[in-house]
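First comes the structure, then the notes that go with it.
Numbering (our numbering), first residue to last: 3 to 339.
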(Lines of atoms letter the chains of each structure in order from A; the text may use other names.)
(Lines give C-alpha, C1' and ligand atoms only; values in the text may rest on other atoms or scores of the structure.)
Protein backbone atom coordinates (compact mmCIF):
# COMPACT_ATOMS: atom_id res chain seq x y z
CA UNK A 3 0.00 0.00 0.00
CA UNK A 4 2.78 2.46 0.89
CA UNK A 5 4.38 2.04 -2.53
CA UNK A 6 1.05 2.68 -4.26
CA UNK A 7 0.32 5.81 -2.20
CA UNK A 8 3.81 7.23 -2.80
CA UNK A 9 3.37 6.78 -6.57
CA UNK A 10 -0.06 8.45 -6.61
CA UNK A 11 1.35 11.39 -4.63
CA UNK A 12 4.15 11.80 -7.18
CA UNK A 13 1.74 11.47 -10.13
CA UNK A 14 -0.69 14.02 -8.65
CA UNK A 15 2.14 16.42 -7.79
CA UNK A 16 3.03 16.43 -11.51
CA UNK A 17 -0.55 17.30 -12.47
CA UNK A 18 -2.18 13.86 -12.41
CA UNK A 19 -3.32 11.96 -15.51
CA UNK A 20 -5.19 13.56 -18.43
CA UNK A 21 -5.32 16.75 -16.36
CA UNK A 22 -7.07 15.07 -13.41
CA UNK A 23 -5.80 13.98 -10.01
CA UNK A 24 -6.01 10.29 -9.17
CA UNK A 25 -8.12 9.74 -6.07
CA UNK A 26 -7.26 6.49 -4.28
CA UNK A 27 -10.01 4.84 -2.20
CA UNK A 28 -8.35 2.51 0.30
CA UNK A 29 -10.04 -0.58 1.70
CA UNK A 30 -8.38 -3.30 3.78
CA UNK A 31 -9.15 -6.97 3.15
CA UNK A 32 -7.26 -7.67 6.42
CA UNK A 33 -5.20 -10.29 4.57
CA UNK A 34 -8.32 -12.47 4.56
CA UNK A 35 -9.44 -14.05 1.32
CA UNK A 36 -13.18 -13.94 2.03
CA UNK A 37 -12.97 -10.27 3.02
CA UNK A 38 -11.60 -9.59 -0.49
CA UNK A 39 -15.08 -10.17 -1.97
CA UNK A 40 -16.71 -7.59 0.36
CA UNK A 41 -13.98 -5.05 -0.33
CA UNK A 42 -14.25 -5.50 -4.11
CA UNK A 43 -18.05 -5.11 -4.01
CA UNK A 44 -17.73 -1.96 -1.90
CA UNK A 45 -15.13 -0.40 -4.21
CA UNK A 46 -17.16 -1.17 -7.34
CA UNK A 47 -20.28 0.35 -5.75
CA UNK A 48 -18.23 3.51 -5.12
CA UNK A 49 -17.52 3.76 -8.84
CA UNK A 50 -13.80 2.97 -9.04
CA UNK A 51 -12.26 2.66 -12.53
CA UNK A 52 -9.72 0.00 -11.52
CA UNK A 53 -8.70 -2.00 -8.46
CA UNK A 54 -5.06 -2.30 -7.37
CA UNK A 55 -4.47 -5.30 -5.15
CA UNK A 56 -4.96 -7.17 -2.91
CA UNK A 57 -1.50 -8.52 -2.30
CA UNK A 58 -1.75 -12.28 -2.53
CA UNK A 59 -3.00 -15.00 -4.86
CA UNK A 60 -5.97 -16.40 -2.89
CA UNK A 61 -7.53 -12.99 -2.28
CA UNK A 62 -7.16 -11.88 -5.92
CA UNK A 63 -8.87 -15.05 -7.15
CA UNK A 64 -11.92 -14.30 -4.99
CA UNK A 65 -11.94 -10.61 -5.94
CA UNK A 66 -11.90 -11.61 -9.62
CA UNK A 67 -15.32 -13.26 -9.29
CA UNK A 68 -16.75 -9.81 -8.49
CA UNK A 69 -14.56 -7.56 -10.65
CA UNK A 70 -14.83 -9.48 -13.94
CA UNK A 71 -18.67 -9.48 -14.17
CA UNK A 72 -18.53 -5.75 -13.32
CA UNK A 73 -15.88 -5.26 -16.06
CA UNK A 74 -13.46 -3.48 -13.71
CA UNK A 75 -9.74 -4.10 -14.40
CA UNK A 76 -7.70 -5.51 -11.53
CA UNK A 77 -3.94 -4.97 -11.26
CA UNK A 78 -2.46 -7.52 -8.86
CA UNK A 79 0.91 -6.31 -7.54
CA UNK A 80 2.16 -9.55 -6.00
CA UNK A 81 -0.10 -12.53 -6.77
CA UNK A 82 2.44 -14.93 -8.27
CA UNK A 83 0.43 -18.14 -8.98
CA UNK A 84 -0.12 -18.80 -12.71
CA UNK A 85 -3.90 -19.29 -12.43
CA UNK A 86 -4.53 -15.76 -11.14
CA UNK A 87 -4.72 -14.39 -14.69
CA UNK A 88 -5.37 -17.59 -16.61
CA UNK A 89 -7.98 -20.31 -16.19
CA UNK A 90 -6.09 -23.56 -16.75
CA UNK A 91 -9.31 -25.64 -17.00
CA UNK A 92 -10.84 -23.60 -19.83
CA UNK A 93 -7.48 -22.44 -21.28
CA UNK A 94 -8.76 -18.88 -21.28
CA UNK A 95 -7.17 -15.69 -20.05
CA UNK A 96 -9.09 -13.83 -17.33
CA UNK A 97 -9.95 -10.74 -19.33
CA UNK A 98 -9.84 -8.09 -16.60
CA UNK A 99 -6.99 -9.41 -14.44
CA UNK A 100 -3.37 -8.31 -14.91
CA UNK A 101 -0.38 -8.79 -12.67
CA UNK A 102 2.77 -6.74 -12.14
CA UNK A 103 4.89 -9.44 -10.50
CA UNK A 104 6.76 -12.31 -12.11
CA UNK A 105 5.00 -15.69 -11.91
CA UNK A 106 6.22 -18.56 -9.77
CA UNK A 107 7.27 -20.88 -12.63
CA UNK A 108 9.51 -18.06 -13.90
CA UNK A 109 11.16 -17.80 -10.48
CA UNK A 110 11.80 -21.53 -10.28
CA UNK A 111 13.05 -21.66 -13.87
CA UNK A 112 15.54 -18.84 -13.32
CA UNK A 113 16.75 -20.37 -10.04
CA UNK A 114 17.17 -23.81 -11.69
CA UNK A 115 19.23 -22.22 -14.49
CA UNK A 116 21.32 -20.22 -12.01
CA UNK A 117 22.09 -23.22 -9.78
CA UNK A 118 22.88 -25.58 -12.66
CA UNK A 119 24.65 -23.23 -15.09
CA UNK A 120 26.22 -20.56 -12.88
CA UNK A 121 26.98 -22.42 -9.64
CA UNK A 122 27.54 -25.79 -11.34
CA UNK A 123 25.57 -27.73 -8.71
CA UNK A 124 23.91 -30.88 -10.03
CA UNK A 125 22.26 -32.68 -7.08
CA UNK A 126 19.55 -30.95 -5.09
CA UNK A 127 17.10 -31.44 -2.23
CA UNK A 128 13.71 -29.74 -2.03
CA UNK A 129 11.86 -28.81 1.16
CA UNK A 130 8.35 -27.33 0.90
CA UNK A 131 5.45 -26.21 3.07
CA UNK A 132 2.91 -28.91 2.16
CA UNK A 133 -0.10 -26.77 3.14
CA UNK A 134 0.87 -23.82 0.99
CA UNK A 135 0.07 -23.71 -2.75
CA UNK A 136 2.82 -21.14 -3.34
CA UNK A 137 5.50 -23.34 -1.78
CA UNK A 138 4.28 -26.62 -3.33
CA UNK A 139 3.95 -25.03 -6.79
CA UNK A 140 7.47 -23.62 -6.73
CA UNK A 141 8.87 -26.94 -5.54
CA UNK A 142 7.15 -28.85 -8.36
CA UNK A 143 8.15 -26.48 -11.16
CA UNK A 144 11.72 -26.20 -9.83
CA UNK A 145 12.01 -29.99 -9.94
CA UNK A 146 10.73 -30.05 -13.56
CA UNK A 147 13.15 -27.36 -14.75
CA UNK A 148 16.16 -28.66 -12.82
CA UNK A 149 15.76 -32.28 -13.93
CA UNK A 150 15.10 -31.17 -17.53
CA UNK A 151 18.56 -29.57 -17.47
CA UNK A 152 20.10 -32.85 -16.32
CA UNK A 153 20.12 -32.17 -12.59
CA UNK A 154 18.97 -34.70 -9.98
CA UNK A 155 16.67 -34.21 -7.00
CA UNK A 156 18.02 -36.66 -4.42
CA UNK A 157 15.69 -35.79 -1.51
CA UNK A 158 12.26 -34.22 -0.99
CA UNK A 159 10.89 -33.29 2.42
CA UNK A 160 7.82 -31.40 3.63
CA UNK A 161 6.63 -29.48 6.67
CA UNK A 162 3.53 -27.48 7.63
CA UNK A 163 3.28 -23.75 8.31
CA UNK A 164 2.99 -24.17 12.08
CA UNK A 165 6.16 -26.30 12.41
CA UNK A 166 9.12 -24.85 14.29
CA UNK A 167 11.36 -27.95 14.46
CA UNK A 168 12.92 -28.99 11.17
CA UNK A 169 15.87 -31.11 12.25
CA UNK A 170 14.31 -34.51 11.36
CA UNK A 171 13.76 -33.40 7.74
CA UNK A 172 17.19 -31.76 7.56
CA UNK A 173 18.94 -34.87 8.94
CA UNK A 174 17.18 -37.02 6.35
CA UNK A 175 18.20 -34.59 3.56
CA UNK A 176 21.84 -34.49 4.70
CA UNK A 177 22.02 -38.31 4.54
CA UNK A 178 21.31 -38.15 0.78
CA UNK A 179 24.30 -35.80 0.24
CA UNK A 180 22.78 -33.09 -2.00
CA UNK A 181 24.80 -30.07 -3.22
CA UNK A 182 22.09 -27.60 -2.15
CA UNK A 183 18.61 -27.36 -0.60
CA UNK A 184 15.79 -25.47 -2.35
CA UNK A 185 13.31 -24.07 0.20
CA UNK A 186 10.61 -22.03 -1.54
CA UNK A 187 8.75 -20.92 1.60
CA UNK A 188 8.20 -17.76 3.64
CA UNK A 189 10.95 -16.03 5.64
CA UNK A 190 9.51 -17.00 9.05
CA UNK A 191 9.99 -20.70 8.24
CA UNK A 192 13.14 -20.27 6.16
CA UNK A 193 14.90 -18.39 8.97
CA UNK A 194 14.42 -21.30 11.37
CA UNK A 195 15.27 -23.91 8.73
CA UNK A 196 18.59 -22.23 7.88
CA UNK A 197 19.47 -21.75 11.56
CA UNK A 198 18.71 -25.39 12.41
CA UNK A 199 20.59 -26.66 9.35
CA UNK A 200 23.71 -24.81 10.52
CA UNK A 201 23.26 -26.14 14.08
CA UNK A 202 23.35 -29.65 12.59
CA UNK A 203 26.58 -28.78 10.75
CA UNK A 204 24.85 -28.68 7.35
CA UNK A 205 26.72 -25.96 5.46
CA UNK A 206 25.03 -26.44 2.09
CA UNK A 207 23.79 -23.47 0.08
CA UNK A 208 20.08 -22.89 0.73
CA UNK A 209 18.05 -21.39 -2.13
CA UNK A 210 14.60 -19.88 -2.29
CA UNK A 211 12.15 -17.42 -3.80
CA UNK A 212 10.53 -14.04 -3.14
CA UNK A 213 8.87 -15.22 0.10
CA UNK A 214 12.31 -14.82 1.71
CA UNK A 215 12.30 -11.05 1.30
CA UNK A 216 12.07 -9.64 4.82
CA UNK A 217 14.49 -8.07 7.32
CA UNK A 218 13.15 -10.68 9.77
CA UNK A 219 14.91 -13.42 7.78
CA UNK A 220 18.26 -12.23 9.15
CA UNK A 221 16.89 -11.86 12.70
CA UNK A 222 15.61 -15.45 12.66
CA UNK A 223 18.50 -17.17 10.89
CA UNK A 224 21.49 -15.07 11.96
CA UNK A 225 23.59 -13.17 9.41
CA UNK A 226 26.49 -15.66 9.36
CA UNK A 227 24.19 -18.63 8.84
CA UNK A 228 22.78 -17.05 5.68
CA UNK A 229 26.07 -16.74 3.84
CA UNK A 230 25.86 -18.99 0.79
CA UNK A 231 22.09 -18.49 0.50
CA UNK A 232 20.38 -17.17 -2.64
CA UNK A 233 16.82 -16.30 -3.62
CA UNK A 234 14.91 -14.94 -6.60
CA UNK A 235 13.16 -11.60 -6.20
CA UNK A 236 11.28 -8.89 -8.07
CA UNK A 237 13.98 -6.26 -7.55
CA UNK A 238 17.00 -5.46 -5.44
CA UNK A 239 17.64 -2.41 -3.25
CA UNK A 240 21.28 -2.85 -4.30
CA UNK A 241 20.46 -2.20 -7.96
CA UNK A 242 22.49 0.88 -8.97
CA UNK A 243 19.95 2.10 -11.55
CA UNK A 244 18.96 5.73 -11.06
CA UNK A 245 15.24 4.93 -11.25
CA UNK A 246 15.52 2.42 -8.41
CA UNK A 247 17.74 4.56 -6.22
CA UNK A 248 15.40 7.58 -6.62
CA UNK A 249 12.44 5.43 -5.60
CA UNK A 250 14.29 4.08 -2.53
CA UNK A 251 15.27 7.61 -1.48
CA UNK A 252 11.70 8.95 -1.85
CA UNK A 253 10.28 5.94 0.01
CA UNK A 254 12.78 6.21 2.87
CA UNK A 255 12.11 9.95 3.23
CA UNK A 256 8.35 9.37 3.44
CA UNK A 257 8.12 6.17 5.49
CA UNK A 258 11.49 5.97 7.25
CA UNK A 259 11.91 2.37 6.05
CA UNK A 260 13.63 0.59 3.16
CA UNK A 261 11.11 -0.55 0.52
CA UNK A 262 10.82 -4.32 0.12
CA UNK A 263 9.65 -5.99 -3.10
CA UNK A 264 5.98 -5.58 -2.13
CA UNK A 265 6.46 -1.81 -1.85
CA UNK A 266 8.31 -1.68 -5.19
CA UNK A 267 5.58 -3.73 -6.90
CA UNK A 268 2.88 -1.47 -5.43
CA UNK A 269 4.72 1.59 -6.73
CA UNK A 270 4.96 0.11 -10.23
CA UNK A 271 1.30 -0.93 -10.14
CA UNK A 272 0.17 2.66 -9.56
CA UNK A 273 2.41 4.04 -12.34
CA UNK A 274 1.25 1.28 -14.69
CA UNK A 275 -2.39 2.25 -14.11
CA UNK A 276 -1.54 5.91 -14.80
CA UNK A 277 0.21 4.91 -18.04
CA UNK A 278 -2.79 2.80 -19.13
CA UNK A 279 -5.24 5.67 -18.47
CA UNK A 280 -2.95 8.01 -20.40
CA UNK A 281 -2.69 5.56 -23.31
CA UNK A 282 -6.46 4.99 -23.28
CA UNK A 283 -7.12 8.73 -23.28
CA UNK A 284 -9.97 8.07 -20.84
CA UNK A 285 -10.62 6.58 -17.39
CA UNK A 286 -13.32 4.27 -18.76
CA UNK A 287 -12.65 0.79 -17.25
CA UNK A 288 -13.00 -1.19 -20.51
CA UNK A 289 -10.59 1.18 -22.30
CA UNK A 290 -8.11 0.95 -19.40
CA UNK A 291 -8.26 -2.85 -19.75
CA UNK A 292 -7.58 -2.63 -23.50
CA UNK A 293 -4.66 -0.24 -22.93
CA UNK A 294 -3.13 -2.55 -20.30
CA UNK A 295 -3.19 -5.45 -22.75
CA UNK A 296 -1.14 -3.36 -25.18
CA UNK A 297 1.45 -2.06 -22.71
CA UNK A 298 4.98 -2.52 -24.03
CA UNK A 299 8.30 -1.58 -22.50
CA UNK A 300 6.85 0.06 -19.37
CA UNK A 301 9.85 1.14 -17.27
CA UNK A 302 9.21 0.28 -13.62
CA UNK A 303 11.47 -0.06 -10.59
CA UNK A 304 10.92 -3.84 -10.72
CA UNK A 305 12.00 -3.97 -14.35
CA UNK A 306 10.91 -3.23 -17.88
CA UNK A 307 7.48 -4.73 -18.46
CA UNK A 308 5.44 -5.93 -21.44
CA UNK A 309 2.49 -8.36 -21.24
CA UNK A 310 2.25 -11.81 -22.76
CA UNK A 311 -1.05 -13.32 -23.95
CA UNK A 312 -1.81 -14.61 -20.42
CA UNK A 313 -1.53 -11.11 -18.87
CA UNK A 314 1.78 -12.05 -17.24
CA UNK A 315 4.62 -9.56 -17.36
CA UNK A 316 7.68 -10.46 -19.38
CA UNK A 317 10.56 -9.10 -17.32
CA UNK A 318 13.88 -9.93 -15.70
CA UNK A 319 14.23 -11.59 -12.31
CA UNK A 320 16.84 -10.59 -9.73
CA UNK A 321 19.06 -13.22 -8.09
CA UNK A 322 19.92 -12.07 -4.58
CA UNK A 323 22.72 -13.44 -2.40
CA UNK A 324 22.83 -12.89 1.35
CA UNK A 325 26.20 -11.44 2.38
CA UNK A 326 26.84 -10.38 6.02
CA UNK A 327 23.09 -10.19 6.56
CA UNK A 328 22.60 -7.84 3.60
CA UNK A 329 21.03 -8.52 0.21
CA UNK A 330 23.48 -8.36 -2.69
CA UNK A 331 22.36 -8.38 -6.32
CA UNK A 332 24.22 -11.19 -8.12
CA UNK A 333 22.61 -10.85 -11.53
CA UNK A 334 19.36 -10.37 -13.41
CA UNK A 335 18.07 -13.20 -15.58
CA UNK A 336 15.30 -13.32 -18.15
CA UNK A 337 13.05 -16.41 -18.02
CA UNK A 338 12.51 -18.27 -21.30
CA UNK A 339 8.86 -18.25 -22.41
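Glycine is no exception: its CB is placed at the ideal position from the N, C-alpha and C atoms.
query, result
"From the DSSP output, which residues share a beta bridge with residue 308?", "316"
"Can you tell me whether residue 122 is buried or exposed? The criterion is at least 16 other CB atoms within 10 Å of its CB, across all chains shown.", "exposed"
"Across the region 236-256 and the region 165-173, are there enough close Cβ pairs to call them in contact, namely three or more that are closer than 8 Å?", "no"
"Does the Cβ of residue 20 have 16 or more other Cβ atoms within 10 Å, making it buried, or fewer, making it exposed?", "exposed"
"Using a Cβ-Cβ cutoff of less than 6 Å, which residues in the same chain neighbour residue 60 once the five nearest sequence positions on both sides are dropped?", "35"
"Can you give me the Cβ contacts of residue 107 inside the same chain, cut-off strictly under 7 Å, excluding the 5 residues immediately before and after it?", "84, 143"
"Given a cut-off of 8 Å on the beta-carbon distance, is the pair residue 312 and residue 88 in contact?", "yes"
"Quick check: the Cα distance between residue 69 and residue 232, rounded to an integer number of angstroms?", "37 Å"
"By how many angstroms is the C-alpha of residue 304 removed from the C-alpha of residue 101?", "12 Å"
"Would you kindly work out how many angstroms separate the C-alpha atoms of residue 105 and residue 316, rounded to a whole number?", "9 Å"
"Measuring alpha carbon to alpha carbon, tell me which of 27, 86, 210 ends up nearest residue 112.", "210"
"Does the structure place the region 255-270 close enough to the region 13-30 that three or more beta carbon pairs sit under 8 Å?", "no"
"Within 10 angstroms of its Cβ, does residue 137 collect 16 or more other Cβ (buried), or is it exposed?", "buried"
"Mind checking residue 339: buried by the 16 CB within 10 Å criterion, or exposed?", "exposed"
"Whole angstroms is fine: what's the gap from residue 82's alpha carbon to residue 58's?", "8 Å"
"Measuring straight from C-alpha to C-alpha, what distance separates residue 145 and residue 109?", "12 Å"
"For residue 271, which residues of its own chain have a beta-carbon under 7 Å away from its beta-carbon, when the five flanking residues on both sides are left out?", "6, 54, 77, 79, 102"
"Under 8 Å between the Cβ atoms of residue 152 and residue 126?", "no"
"Going along the chain, which residues of its own chain have a beta-carbon closer than 8 Å to the beta-carbon of residue 250, five neighbours each way excluded?", "239, 260, 261"
"Residue ranges of each alpha helix (DSSP H) run of no fewer than 4 residues wholly in the region 62-131, ordered along the chain?", "106-115"
"Considering only residues of the same chain and omitting the five flanking positions on each side of residue 310, which have a CB-CB separation below 7 Å?", "316, 339"
"Have a look at 175, 208, 199 and flag the residue whose alpha-carbon is nearest the alpha-carbon of residue 322.", "208"
"List the residues that DSSP assigns as beta-bridge partners of residue 233.", "210, 322"
"Going by DSSP in three states, residue 328 sits in which element: helix, strand or coil?", "strand"
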